[in-house]
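Each residue of the sequence shown is one higher than the one before, counting from 26 in our numbering.
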Amino acid sequence: MDIAILGYGTVGRGVDQIVADIDGIEVRRILDLPDHCVGPRMTPDYAQIVGDPAIEVVVECMGGLEPAHTFILQALGAGKSVVTSNKAVVAAFFDEFARTAEANGACLLIEATCGGGIPWIASIEKARRIDEVTRFSGILNGTTNFIVDSMLKNGADFAETLARAQELGYAEADPSADIDGIDVKNKTIISASVAFDVACTAEFPVTGIRSLTKADLDLLGATGRVVKLIGHGVARDGRYAVAVEPMALPAASLEANVPSNFNLATLEGTTIGELKFYGQGAGSLPTGNAMVQDVLDFAAGRRPHYDFSRGLTYDPALLTGDYVFRTTTPPEGSEPFGEGAWLVSGITAEAARALLDSIVTTDQNAFMARLV
Ligand code: HSE
Numbered sequence: 026m027d028i029a030i031l032g033y034g035t036v037g038r039g040v041d042q043i044v045a046d047i048d049g050i051e052v053r054r055i056l057d058l059p060d061h062c063v064g065p066r067m068t069p070d071y072a073q074i075v076g077d078p079a080i081e082v083v084v085e086c087m088g089g090l091e092p093a094h095t096f097i098l099q100a101l102g103a104g105k106s107v108v109t110s111n112k113a114v115v116a117a118f119f120d121e122f123a124r125t126a127e128a129n130g131a132c133l134l135i136e137a138t139c140g141g142g143i144p145w146i147a148s149i150e151k152a153r154r155i156d157e158v159t160r161f162s163g164i165l166n167g168t169t170n171f172i173v174d175s176m177l178k179n180g181a182d183f184a185e186t187l188a189r190a191q192e193l194g195y196a197e198a199d200p201s202a203d204i205d206g207i208d209v210k211n212k213t214i215i216s217a218s219v220a221f222d223v224a225c226t227a228e229f230p231v232t233g234i235r236s237l238t239k240a241d242l243d244l245l246g247a248t249g250r251v252v253k254l255i256g257h258g259v260a261r262d263g264r265y266a267v268a269v270e271p272m273a274l275p276a277a278s279l280e281a282n283v284p285s286n287f288n289l290a291t292l293e294g295t296t297i298g299e300l301k302f303y304g305q306g307a308g309s310l311p312t313g314n315a316m317v318q319d320v321l322d323f324a325a326g327r328r329p330h331y332d333f334s335r336g337l338t339y340d341p342a343l344l345t346g347d348y349v350f351r352t353t354t355p356p357e358g359s360e361p362f363g364e365g366a367w368l369v370s371g372i373t374a375e376a377a378r379a380l381l382d383s384i385v386t387t388d389q390n391a392f393m394a395r396l397v
């Protein structure tokens, strides 16, 4: 089977390297910027790919919204299936891509958008053959896990560790997408869409770890907890809710012990109960591996189908909990929780985020975590 790779950065090179050792799959074309094109496979002209009938699958690893959105639609429109690692574009246009694929007898394969090399999307789909997925949660960003883990274990500096994550190819082109939770937001939208069969709203609470300090880790550590950035969702009785937020988790939990850039994603199904998936969440070869697995699945006849017509209602009341705020002035309705921190109990993720927004107007460096 002949494929084309769009984008020859960290992930595109990983795909090319893995495919080189696989019989029956050939990289016929690689799209890159004109001054990066060397050798006969590379072209800066997408028309040479989308107009080539020999290319059955387009492997998009450019990232960003445009031109990825247009190129994916053109490939699907030409009846070519698309494998993508681009969570931003899938989160923004999942429904449009799924409809275009369906209308043209093509497929959209998105394993590499969430959890790097972990077979997370395929596992949700497999669980759903029997079960309703009632809940999911995950450490879905390697960069922030790498940062928190290094701060905790080595007393490392936030900025220095982020720079290292960039060198290792974990971080987004603009790493604020990692530390502000936007990358996890995109992965949460995709996970919820697949898990709950819903065109997941993009309007839900998202909080990152930009203001996390070693003192916060120590304060929560003294209560037997470890902070992780978590994307999660729940569906019940025709309703669903999702959020991205720092969580302070029991130190003995599997999540609390996820090291380096690894990810851990969990689903709960009606008959299977809890399932956890652990592995490398970012980087050239793990992400490339997930994409090549999609290519091989497609070659073997797998045809994922996405339908978001279930019509669940978004209900923030489904995600209620207790939140710790580290700030200079006690928030209304709070009780003390250690040095410079306060606990607000029994509020929704939405209300917690709104409270943080009001706090940062006077204390820009305030931090919030959901207590588990
Ligand atoms: N920046 C992302 C991460 C890359 O750190 O997890 C993989 O999606």
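For each residue, glycine too, the CB sits at the ideal point set by N, CA and C.
**Asked** From GLU51 to GLY34, what distance separates their C-alpha atoms?
**Response** Residue numbering aside, residue 51 sits at position 26 when the sequence shown is read from its first letter. Residue numbering aside, residue 34 sits at position 9 when the sequence shown is read from its first letter. Computed Cα separation, rounded: 18 Å.
**Item:** CA-to-CA distance, SER216 to ALA307, given in whole angstroms
**Value:** Taking the sequence shown and counting its residues from 1, the one referred to as residue 307 is at position 282. Taking the sequence shown and counting its residues from 1, the one referred to as residue 216 is at position 191. Spanning the two alpha carbons is a distance of roughly 17 Å.
**Asked** Just checking my contact of VAL209 with LEU274 at CB under 8 Å: how many whole Å lie between their CB atoms?
**Response** By 1-based counting over the sequence shown, the position of residue 209 is 184. By 1-based counting over the sequence shown, the position of residue 274 is 249. In fact, because the Cβ distance is near 15 Å, the residues do not count as touching under 8 Å.
**Item:** Where SER110 sits in the DSSP three-state scheme
**Value:** Counted from its first residue, the sequence shown places residue 110 at position 85. Reduced to three states, the DSSP call for SER110 is coil.
**Item:** Residue(s) in a DSSP beta bridge with ASN166
**Value:** Position 141 of the sequence shown, counted from the start, is the residue given in the question as residue 166. The partner list for ASN166 (beta bridge, DSSP) is empty, contrary to what the question assumes.
**Asked** Thinking just about the alpha-carbon of each residue, which of ARG351, GLY363, GLY102 and TYR339 is nearest to the one in ALA377?
**Response** As a first step, residue 377 must be located in the sequence shown, where it is residue number 352. Cα-wise, what sits closest to ALA377 is ARG351.
**Request:** State the Cα-Cα distance for the pair ARG250 and ASP174, rounded to the nearest angstrom.
**Result:** Here residue 250 refers to the residue found at position 225 when the sequence shown is read from its first residue. Here residue 174 refers to the residue found at position 149 when the sequence shown is read from its first residue. Using only the alpha carbons, I get a separation of about 13 Å.
**Nonlocal neighbours in the same chain, by C-beta distance under 8 Å from ARG335, ignoring five residues either side** = Taking the first residue of the sequence shown as position 1, residue 335 is located at position 310. So the qualifying residues of the chain are PHE221, ASP222 and VAL223.
**Message:** Per DSSP, what are the beta-bridge partners of ILE80 in this structure?
**Reply:** Looking up residue 80 in the sequence shown gives position 55. Partner(s): ASP27.
**Message:** Considering only DSSP beta bridges, list what ALA394 is partnered with.
**Reply:** Walking along the sequence shown from the start, residue 394 turns up at place 369. Its beta-bridge partners are VAL349.
**Prompt:** Rounded to a whole number of angstroms, what is the C-alpha to C-alpha distance between PRO355 and GLY371?
**Reply:** Taking the sequence shown and counting its residues from 1, one reaches residue 355 at position 330. Taking the sequence shown and counting its residues from 1, one reaches residue 371 at position 346. Going by the C-alpha atoms only, they are around 17 Å apart.
**Message:** Quick check: the Cα distance between THR248 and MET316, rounded to an integer number of angstroms?
**Reply:** Along the sequence shown, read from residue 1 onward, the residue named residue 248 stands at position 223. Along the sequence shown, read from residue 1 onward, the residue named residue 316 stands at position 291. Cα to Cα, THR248 sits roughly 41 Å from MET316.
**Distance cut-off 7 Å: ASN166 Cβ against heavy atoms of ligand 1** = Translated into the one-based positions of the sequence shown, residue 166 becomes position 141. Checking every heavy atom of ligand 1 against the Cβ of ASN166, one is found closer than 7 Å.
**Request:** Buried or exposed for GLY163, please, with buried defined as at least 16 other CB atoms from any protein chain shown within 10 angstroms of its CB.
**Result:** Here residue 163 corresponds to residue number 138 of the sequence shown, with the count starting at 1. Answer is buried; the Cβ neighbour count reaches 16.
**Request:** Can you give me the start and stop residues for the beta strand (DSSP E) that GLN389 sits inside?
**Result:** In the sequence shown, residue 389 corresponds to position 364, counting from 1. Bounds of any beta strand (DSSP E) do not take in GLN389, whose DSSP letter is neither H nor E.
**Request:** Flag this pair as yes or no: are the beta carbons of TYR303 and ILE143 separated by less than 8 Å?
**Result:** Translated into positions along the sequence shown, residue 303 becomes position 278. Translated into positions along the sequence shown, residue 143 becomes position 118. Contact flag set, yes.
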